[in-house]
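Scroll down for the structure; my scribbles are underneath it.
Here it is, written out as structure tokens:
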């Protein structure tokens, strides 16, 4: 038995997780979608990050519960984010905090090793690191919160695949603002 690896991100209708310049301004969640993301994060026992997503998350969430006007869900998300063990895959990040360690070597080998351990589900975020895990056949589930916006170019949700990946749709849910979340399991 291996741990489940879930790749979940917000994406534009044309398939990007960030517009040029790493702009994610289009992805502001409704309260209902934010609550869904909180529940997903609470279900994870470990979060795996690429460098860019780590820098985005660690620039806000360590003190997200202390921000003026923070909602109860944001307070809980910040606390959960700090408490959840995290692994960052980067050759350039040195010092980390908040229950995190850095891996500078072979990311696919490390993800494979972690996946083989006992433990609950884990999430992976960041196009580059998730793409490497996807090409290695390590991703078990994809969850895409598709926002009704076209950005034309940027960072794609899916990087080039070496072969087809057949999926089963397991859930679809609509959120305010026209956002649709779809969850797929990898057919093995």
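Residue numbers (my numbering): 587 to 774.
All C-beta atoms in this analysis are idealised placements derived from N, C-alpha and C, irrespective of residue type, glycine included.
Item checked: DSSP beta-bridge partners of residue 646 -> Along the chain shown, read from residue 1 onward, the residue named residue 646 stands at position 60. Residue 646 is not bridged to any residue.
Notebook entry, point to check: Got a sec? Which residues, its chain only, sit under 6 Å from residue 725 by beta carbon, not counting five neighbours each side?
Noted result: As a working mapping, residue 725 is identified with position 139 in the chain shown. Contacts found: 591, 593 and 719.
Note to self: With a threshold of 8 Å, are at least 3 pairs of Cβ atoms found where one atom belongs to the stretch 603 to 623 and the other to the stretch 692 to 702?
What the structure shows: no
Margin query: Checking 8 Å against the spacing of the C-beta atoms, do residue 731 and residue 765 come in under that value?
Written below: What you label residue 731 is simply residue 145 of the chain shown in a count that begins at 1. What you label residue 765 is simply residue 179 of the chain shown in a count that begins at 1. For residue 731 and residue 765, yes; Cβs fall inside 8 Å.
Check: Taking the DSSP output, what are the residues bridged to residue 596?
Finding: By 1-based counting over the chain shown, the position of residue 596 is 10. 731, per the DSSP bridge assignment.
Item checked: Terminal residues of the beta strand (DSSP E) in which residue 758 lies -> Here residue 758 corresponds to residue number 172 of the chain shown, with the count starting at 1. Counting along the chain, the beta strand (DSSP E) containing residue 758 begins and ends at 753 to 761.
Notebook entry, point to check: With contact counted as at least three CB pairs below 8 Å, one residue from each stretch, are the stretch 663 to 683 and the stretch 598 to 617 in contact?
Noted result: no
Check: Looking at the structure shown, is residue 769 part of a helix, part of a strand, or coil, going by DSSP?
Finding: Within the chain shown, numbered from 1, the residue matching residue 769 stands at position 183. In this structure, residue 769 counts as strand in the three-state DSSP scheme.
Notebook entry, point to check: Nearest to residue 716 by CA position, among 745, 707 and 738, is which residue?
Noted result: By 1-based counting over the chain shown, the position of residue 716 is 130. The shortest C-alpha separation from residue 716 is found at 745.
Margin query: In chain order, what are the residue ranges of uninterrupted beta strand (DSSP E) at least 3 long that sit wholly in the stretch 649 to 729?
Written below: 672 to 675, 686 to 689 and 708 to 711
Margin query: DSSP three-state label for residue 639, please.
Written below: On the chain shown, position 53 is the one that residue 639 refers to. Helix, per DSSP.
Item checked: Cβ shell of residue 701 (< 8 Å), same chain only, five flanking positions each side left out -> Taking the chain shown and counting its residues from 1, the one referred to as residue 701 is at position 115. Excluding sequence neighbours, residue 701 sits near 588, 589, 591, 708 and 724.
Notebook entry, point to check: Where DSSP assigns a beta bridge to residue 748, which residues make up the other side?
Noted result: Taking the first residue of the chain shown as position 1, residue 748 is located at position 162. In the DSSP output, where bridge partners are listed per residue, residue 748 has none listed.
Notebook entry, point to check: For residue 634, which residues does DSSP report across the bridge?
Noted result: As a working mapping, residue 634 is identified with position 48 in the chain shown. DSSP output for residue 634 lists 673 and 710 as bridge partner(s).
Next item on the list: Would you kindly report the start and end of the unbroken alpha helix (DSSP H) that includes residue 629?
Entry: Locating residue 629 in the chain shown gives position 43, counting from the first residue. Looking at the DSSP string, the run of the alpha helix (DSSP H) that includes residue 629 is 617 to 629.
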